[in-house]
Amino acid sequence: GELVYDYAWYPGMHSSVPISCCFATCSRDQPIHLWDAFDRALRATYVARNQADDLASAISLAFSPDGGRLFAGLERSVRVFATAEPGGPVVDLLAGRTRKS
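Residue numbering for the sequence shown follows this note's numbering, beginning at 17 and increasing consecutively.
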């Protein structure tokens, strides 16, 4: 396995509600994965691509408070995924240019 850059627990997780027991991970040269916290099964995969249509690795993750969205920080952009719809992002937010020092 590759180095894990970040992980995020599903908000409102409670062990008595198995569907809520999951977490997302991002790592080098891998898509974002949603894992089952009990049996370690892969539940879903979310893929971010760059302008050349190559896989773009996320470096940070966060869920919306209701768990309906997964935010992935990439180099100079944020991708927003619908948690219930694995695959590509629903929104791509590009960061502005950086100021050179």
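Backbone N, C-alpha and C define an ideal beta-carbon position, used for all residues, glycine too.
In this text, all values refer to a predicted model and were calculated from it rather than measured experimentally.
Roughly how many angstroms separate the alpha carbons of residue i and residue j, rounded to a whole number?
i           : j           : result
residue 117 : residue 110 : Confidence is the limiting factor: at residue 117 the pLDDT is only 45, short of 50, which leaves the residue's position unreliable, though a coordinate-based value still follows. Near 21 Å, if we compare the C-alpha coordinates of residue 110 and residue 117.
residue 82  : residue 27  : 7 Å
residue 34  : residue 85  : 19 Å
residue 105 : residue 32  : 30 Å
residue 20  : residue 58  : 15 Å
residue 79  : residue 25  : 8 Å
residue 22  : residue 97  : 16 Å
residue 75  : residue 91  : 8 Å
residue 46  : residue 30  : 28 Å
residue 60  : residue 102 : 6 Å
residue 70  : residue 62  : 14 Å
Hey, would you say the C-beta of residue i is under 8 Å away from at least one heavy atom of the ligand NAP?
i          : result
residue 19 : Ligands are entirely absent from the displayed structure, and the ligand NAP is therefore not among its contents.
Taking the alpha carbon of residue i as the point to measure from, which residue in the options has its own alpha carbon closest?
i          : options           : result
residue 44 : 18, 55, 59 and 58 : 18
residue 93 : 102, 72 and 101   : 72
Ordered along the chain, which non-local residues of its own chain (more than five positions away) have a Cβ less than 6 Å from that of residue i?
i          : result
residue 95 : 64, 88, 105 and 108
Excluding five sequence neighbours on each side, which residues of the same chain lie with their C-beta closer than 8 Å to the C-beta of residue i?
i           : result
residue 77  : 22, 23, 24, 40, 41, 42, 48, 86, 87, 88 and 89
residue 100 : 84
Within the same chain, show all residues whose beta-carbon is closer than 7 Å to that of residue i, passing over the 5 residues directly before and after it, in chain order.
i          : result
residue 66 : 72
Q | contact_flag[the stretch 49-57, the stretch 28-39] where n(CB pairs < 8 Å) is 3 or more | A | yes
Q) Can you list the beta strand (DSSP E) stretches of 3 or more residues lying completely in the stretch 24-86, in chain order? A) Taken in chain order, the unbroken stretches of beta strand (DSSP E) that lie wholly in the stretch 24-86 and span 3 residues or more are 38-43, 48-52, 58-62 and 76-79.
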